[in-house]
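Presented below is the structure to which this report refers.
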Amino acid sequence: MHFIVGCPLKCSFCATGKGGFSRKLQSHEIVEQVLAIEETIKHSVTNVVFMGMGEPMLNMKSVLEAYQCLNKDINIGQRMITISTVGVPNTIRRLASHKLQSTLAVRYILWEN
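full-length UniProt numbering numbers the first residue of the sequence shown as 1 and each following residue consecutively.
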């Protein structure tokens, strides 16, 4: 899934930022990605990982709204939703304040090429 169009972080291990940053997706656009997958595979999605194109924590408002919709309206359990981040400062504490029952995956790189 993606959450923003482009990415301003320009992490060395990710190609998404090379095209620049355009905009943040709205929560309904994030949810629509899951619905499109369900329609394509003709099966219910049972788990979601918020990672892919763009850093989810740079669009926390829409990600949290989409999270709530996926959990309450589409019936994906909180523990079946993972949020992956490169650890943008201050966002992990903000995310923790919401007391979600999800996995938080922090990705980082140990070396530069």
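Glycine included, each C-beta is placed from N, C-alpha and C at the ideal position. Small disclaimer: the values here were computed from a predicted structure and weren't measured.
- Can you tell which of 73, 59 and 72 has the C-alpha that lies nearest to the C-alpha of residue 83? 59
- Item | Distance CB(residue 30)-CB(residue 1) smaller than 8 angstroms | yes
- Could you please give the first and the last residue of the uninterrupted beta strand (DSSP E) stretch that includes residue 84? 81 to 85
- Task: Check each candidate in 39, 54, 26 and 48 and name the one with the smallest Cα separation from residue 20.
- Result: 54
- Query: So what does residue 23 bridge to, in DSSP terms?
  - Reply: 5
- Item | Length of the line joining the Cα atoms of residue 37 and residue 45 | 8 angstroms
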